[in-house]
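All remarks here apply to the structure that follows.
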Amino acid sequence: MADSSTFVTGTQIAYYHLCHRKLWLFAHNIKMEQHSELVAEGKFIDEHSYLKRAERWQELSIEGIKIDHFDAKQGIVREVKKSRKKENAHRAQVLYYLYVLERNDIPVSHGLLEYPKLRQTEEVWLTEGDRKVIPHWEAEVLRITQLESCPGLVKKPICKNCSYYEFCYAE
Numbered sequence: 071m072a073d074s075s076t077f078v079t080g081t082q083i084a085y086y087h088l089c090h091r092k093l094w095l096f097a098h099n100i101k102m103e104q105h106s107e108l109v110a111e112g113k114f115i116d117e118h119s120y121l122k123r124a125e126r127w128q129e130l131s132i133e134g135i136k137i138d139h140f141d142a143k144q145g146i147v148r149e150v151k152k153s154r155k156k157e158n159a160h161r162a163q164v165l166y167y168l169y170v171l172e173r174n175d176i177p178v179s180h181g182l183l184e185y186p187k188l189r190q191t192e193e194v195w196l197t198e199g200d201r202k203v204i205p206h207w208e209a210e211v212l213r214i215t216q217l218e219s220c221p222g223l224v225k226k227p228i229c230k231n232c233s234y235y236e237f238c239y240a241e
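Letter by letter, the sequence shown follows residues 71 to 241 of my numbering.
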């Protein structure tokens, strides 16, 4: 087993799918989330949308990941997203959680991505194809985070809502 400094987190997997620059900055402790109204809104939604959740499900931390809501009886990972849009990065993060749990012999069934603003829930199932590609994600996250300098800016539509926007676009 790797030491804790080589663990890849669920946030890093999500950032890998969103923006390699954001991933690198986050991994180098340049964290802008504490100043983001969008992040604060996300935490508020998570804490207030499902009030009885903490009584029924547990928080679980293992191999660098932190799952806020794990139903151990049914083996279900629940992830709440404040977004009004479903993102591949959200799915990837839940798939990674399922993969890490399975790798550690923790019985797991599937994941649920919950979007309170959309009033939608999406099931996420780990497939054989996912099991083959996720080690590549981990390797790429480690490669990117170990680069000596920050990856260049790639302008994307999601940039305007990113907590790193001012950092990236400062003149």
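Cβ coordinates follow ideal geometry from the N, Cα and C atoms, glycine included.
{"query": "As assigned by DSSP and simplified to three states, the class of residue 148", "result": "strand"}
{"query": "CB contact flag (residue 191, residue 97, <8 Å)", "result": "no"}
{"query": "Reference residue 183, options 134, 193 and 159, closest by Cα", "result": "193"}
{"query": "Simplified DSSP state of residue 128, which is helix, strand or coil", "result": "strand"}
{"query": "Reduced DSSP secondary structure (H/G/I, E/B, other) of residue 80", "result": "helix"}
{"query": "Distance between residue 238 and residue 106 (C-alpha atoms, nearest Å)", "result": "Low local confidence applies: a pLDDT of 47 at residue 106 is under 50, so the model's placement there is unreliable, with the coordinate-based value given in what follows. In a straight line, the C-alpha of residue 106 is about 14 Å away from that of residue 238."}
{"query": "Helix, strand or coil at residue 216 according to DSSP, with G and I counted as helix", "result": "coil"}
{"query": "Coarse secondary structure for residue 136, derived from DSSP in three states", "result": "strand"}
{"query": "Euclidean distance between Cα positions of residue 186 and residue 138", "result": "16 Å"}
{"query": "Straight-line gap, residue 226 to residue 127 (C-alpha atoms, nearest Å)", "result": "36 Å"}
{"query": "Reduced DSSP category for residue 175 - H, G, I as helix; E, B as strand; rest coil", "result": "coil"}
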